Amino acid sequence: MWDEPSPPNPPPRVWRDWVLVGVLVPVAVLEGLLRPDLPWRAVSVIVTVGLVPTLLWRRTRPLPMVAIAFATTSLAPLLTGGDSAETYTMTYLLILVYSLFRWGSGRGVTLGLTIMIVAVSLSLLFGRLTPGDMVGAFAVMFSAIALGGALRYRARARTRELDQIKLLEREQLARDLHDTVAHHVSAMAIRAQAGLATSESRPNAATDALRVIEVEAARALDEMRAMVRILRRDQPADLAPGRRVTDLEQLASRGRSGPAVDVEISGDLDSLPPSVEAAIYRLAQESVTNAQRHARHATRIEVRVTADDTSVHLRVSDDGDGSPIRPAAPPGYGLIGMIERADLLGGTCEAGPNPDRGWTVTAVLPRSGAAT
Numbered sequence: 001m002w003d004e005p006s007p008p009n010p011p012p013r014v015w016r017d018w019v020l021v022g023v024l025v026p027v028a029v030l031e032g033l034l035r036p037d038l039p040w041r042a043v044s045v046i047v048t049v050g051l052v053p054t055l056l057w058r059r060t061r062p063l064p065m066v067a068i069a070f071a072t073t074s075l076a077p078l079l080t081g082g083d084s085a086e087t088y089t090m091t092y093l094l095i096l097v098y099s100l101f102r103w104g105s106g107r108g109v110t111l112g113l114t115i116m117i118v119a120v121s122l123s124l125l126f127g128r129l130t131p132g133d134m135v136g137a138f139a140v141m142f143s144a145i146a147l148g149g150a151l152r153y154r155a156r157a158r159t160r161e162l163d164q165i166k167l168l169e170r171e172q173l174a175r176d177l178h179d180t181v182a183h184h185v186s187a188m189a190i191r192a193q194a195g196l197a198t199s200e201s202r203p204n205a206a207t208d209a210l211r212v213i214e215v216e217a218a219r220a221l222d223e224m225r226a227m228v229r230i231l232r233r234d235q236p237a238d239l240a241p242g243r244r245v246t247d248l249e250q251l252a253s254r255g256r257s258g259p260a261v262d263v264e265i266s267g268d269l270d271s272l273p274p275s276v277e278a279a280i281y282r283l284a285q286e287s288v289t290n291a292q293r294h295a296r297h298a299t300r301i302e303v304r305v306t307a308d309d310t311s312v313h314l315r316v317s318d319d320g321d322g323s324p325i326r327p328a329a330p331p332g333y334g335l336i337g338m339i340e341r342a343d344l345l346g347g348t349c350e351a352g353p354n355p356d357r358g359w360t361v362t363a364v365l366p367r368s369g370a371a372t
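Under full-length UniProt numbering, the first residue of the sequence shown is numbered 1, with each subsequent residue one higher.
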């Protein structure tokens with residue numbers, strides 16, 4: 001546990017943090033004014049208000065914030081003659097405890113837990129807590145600890161699952177590119193054999209064979225470079241072998257058991273790399289599947305593929321009332337895979353609701369299919 005690292009990318013301060021601080025400060029002041037049994041009113045309010053800003057750094061600096069909070073509450077009785085200077089509002093300190101076990105490193109968690117146990121034990125030693133109060137304090141504190149640990153474990157489990165999915169996708173993609181490279185190498189070998197066999201009767205055959213070999217070798221090198229880049233990346237994409245852009249016409253339907261799917265393909269689609277064609281097909285297939293499953297009251301799904309000299313454009317939209325993936329919800333594995341697949345090939349993929357109704361997925365992939 002001592003060597004366990006902190007969870008990556010803790011969320012920075014957001015508007016909710018400022019709202020929480022803005023609410024707690026006046027609440028603490030009101031408690032100081034309206035609570036008749038509050039001892040050392042001024043000191044209690046100052047301590048409570050003074051510790052509120054620690055909430056702003058609870059994710060990025062959880063251990064220092066916990067240390068400041070518990071040290072302050074332990075030393076405050078020195079100013080009150082041994083009386084407690086705590087308010088009901090100070091229950092927000094449980095948020096610091098939760099944040100330490102959710103976002104802290106193993107070393108920070110160990111030191112923070114030690115600080116908390118020492119602080120509570122000193123309160124019992126100096127008579128500010130009874131044994132019964134101490135049991136209650138530990139019960140509440142460990143409830144916050146359990147919540148932080150549970151959410152930390154849940155986030156880690158999801159990360160492991162994503163990593164496993166990406167690992168399988170990388171393996172599949174490497175096999176696909178290996179097949180493509182093998183095809184080019186086989187073509188070079190066949191042309192070389194044909195050139196050698198006809199070189200005596202047709203002197204120009206060797207020259208023609210060398211031209212073909214040059215083209216195939218260039219394509220093979222491009223695919224091999226792409227394979228190396230893919231295997232070095234942490235975010236592979238899922239590209240199914242054997243699929244072409246023209247296979248999208250199989251997705252078209254008349255809507256007998258669901259929304260009608262209309263497919264339109266235009267532009268120059270010749271000489272596209274197999275990886276780009278497979279990616280376009282998989283992106284369109286995933287988008288259509290999402291629309292069929294999640295677009296409420298949808299009557300039509302449009303799939304549009306256009307190509308120009310530099311890139312291939314895909315647009316999939318529906319006219320449903322709902323969206324396949326809610327904006328407020330974390331993206332599912334399908335959308336994550338789509339974005340990674342496009343990014344891997346040097347392109348982009350975006351998904352979002354339309355201004356009026358429905359949902360649209362747009363993707364742009366370079367014709368070269370080179371990963372960036």
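Don't be surprised by glycine CBs; every beta carbon is placed ideally from N, CA and C. Every value quoted in this text rests on a predicted model; they were computed, and no experiment measured them.
Taking C-beta separations shorter than 8 Å and ignoring five residues to either side along the sequence, the partners of I68 in its chain run L51, T54, following chain order. If you draw a straight line from the Cα of G22 to the Cα of L151, it comes to about 26 Å. Beta-bridge partners of T362 (DSSP): R315, E350. In this structure E264 is exposed. Its beta-carbon is surrounded by fewer than 16 other beta-carbon atoms within 10 angstroms. Secondary structure at V261: strand, using DSSP grouped into helix, strand and coil. Here the alpha carbon of L94 sits roughly 13 Å from the alpha carbon of G136. A straight-line Cα-Cα distance of about 35 Å links S121 and V14. When the Cα atoms are used, V45 and T348 turn out to be separated by approximately 53 Å.
Between the alpha carbons of T306 and L283 lies a gap of roughly 14 Å. DSSP places V305 in the strand class (E or B) of the three-state scheme. Here P64 is not near W103, since their CB atoms are 8 Å or more apart. Minimum Cα-Cα distance from W18 among the listed residues L34, L56, G108 corresponds to L56. When the Cα atoms are used, S253 and D247 turn out to be separated by approximately 13 Å. The residue from L272, P5, D270, G258 with its alpha-carbon nearest to that of T110 is P5. Residue ranges of uninterrupted alpha helix (DSSP H) with 4 or more members, entirely inside the region 90–147 and ordered along the chain, are 93–103, 106–125. In this structure, V245 is the residue among D262, V245, L314 with its C-alpha nearest to the C-alpha of A278.
Of the residues assessed, W2 falls on the exposed side of the cut-off, its CB having fewer than 16 other CB atoms within 10 angstroms. Pairing G358 with D308 gives a Cβ-Cβ distance that is not under 8 Å. Boundaries of the alpha helix (DSSP H) harbouring V276: 274–294, taken from the DSSP string.
The beta-bridge partner set that DSSP reports for R300 consists of A260. Counting along the chain, the unbroken alpha helix (DSSP H) around L24 starts and ends at 15–34. For S44, the uninterrupted alpha helix (DSSP H) segment begins and ends at 41–51. Counted as a single uninterrupted DSSP element, the alpha helix (DSSP H) harbouring L75 occupies residues 62–75. Assignment of G82 by DSSP, reduced to helix, strand and coil, places it in the coil class.
Straight-line measurement puts the Cα of L75 at about 10 Å from the Cα of S123. Considering only V66, G82, A157, the residue with the shortest C-alpha distance to T114 is V66. Taking C-beta atoms as the reference points, M116 and M134 fail to come closer than 8 Å. It is roughly 9 Å from the alpha-carbon of G82 to the alpha-carbon of G127. Excluding the 5 residues flanking it on each side, L24 has same chain C-beta neighbours closer than 7 Å at V52, T89, Y92, in chain order.
Exclusion of the five residues before and after D262 leaves A252, R300, I301, E302, V303 as the residues of its chain whose Cβ lies within less than 8 Å of its Cβ.
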